[in-house]
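Everything on this sheet refers to the single structure shown next.
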Amino acid sequence: MLLKMNAFAGPLDSLELKGMVFNNSERVKDAVVNIYDHNKLFKRIDVRASNQFVTNLPLNTILTIEITAPGFHAKRFVMDTTVPGRLKESQLKYDFDIDIFSEEELANINTSFLDFPVGLVSYNRRKKGFHRNKKYTKRMKKAYLKLWAESQAAARQGQGLK
């Protein structure tokens, strides 16, 4: 008698989020990743020994991912984990690198703009995976670079006054 068994893992119920935290090209250690589900803290991840982390996120909700570290400004992005029907495990992953500003880099300027999310991520049916909204991200990156340039100009001006 031959028994044939099929392995069935059940429905895939989470999204794997994998990230790396940088300041320019330097790794940021001791980062903290706060994940908010509808503005309520859902999970906190202490990234101690390296600048990398991996976690699982619930599907079919709106999350805010906040990355910060001592001496750095927080940076956020919003992630809509809503998915259409059943997906392959490979479609339930999102990898990203994020660059955060040190407090020193943005000294002497108004940083309230940093409260806005730098990106919006959602499932893209055409590409069959999670992707950032390129138009929104491009606009925010431009605004972030302008903020950084203002900071550098303020620093140069401050050095000239001494």
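Start counting the sequence shown at 43; every next residue gets the next number (the numbering used here). Glycine is no exception: its CB is placed at the ideal position from the N, C-alpha and C atoms.
By the 16-neighbour rule on beta-carbons within 10 angstroms, Asn93 is buried. Residue pairing by DSSP places Arg118 opposite Glu108 in a beta bridge. Listed in chain order, the alpha helix (DSSP H) elements of length 4 or more contained wholly in the segment 126 to 204 are 176 to 202. When Cβ pairs closer than 8 Å are counted between the two stretches, the segment 76 to 84 is seen not to touch the segment 158 to 170, the count staying below three.
Going by DSSP, Thr103 is part of no beta strand (DSSP E) at all; its letter is neither H nor E. Note that the C-beta distance between Gly61 and Phe138 is below 7 Å. About 6 Å separates the beta carbon of Tyr136 from that of Leu57, a gap short enough to meet the 8 Å contact definition.
In the assembly as shown, Thr123 is a buried residue. Its beta-carbon has 16 or more other beta-carbons within 10 Å.
Pairing Leu105 with Ala196, the inter-Cα distance amounts to about 35 Å. Its Cα nearest to that of Pro100, the residue Lys85 stands out among Gln194, Lys170, Ala111, Lys85.
Distances from the CA of Val63 to each of Trp190, Lys117, Val125 were compared; the closest alpha carbon is that of Lys117. Within 10 angstroms of the beta-carbon of Val96 lie fewer than 16 other beta-carbons, which makes it exposed. Judged by DSSP in its simplified three-state form, Arg90 adopts coil rather than helix or strand.
In the DSSP assignment, Gly61 falls within the unbroken beta strand (DSSP E) covering 56 to 65. The continuous beta strand (DSSP E) containing Asp79 extends over residues 73 to 79. Considering only Ser164, Val89, Leu189, Leu59, the residue with the shortest C-alpha distance to Glu145 is Leu189.
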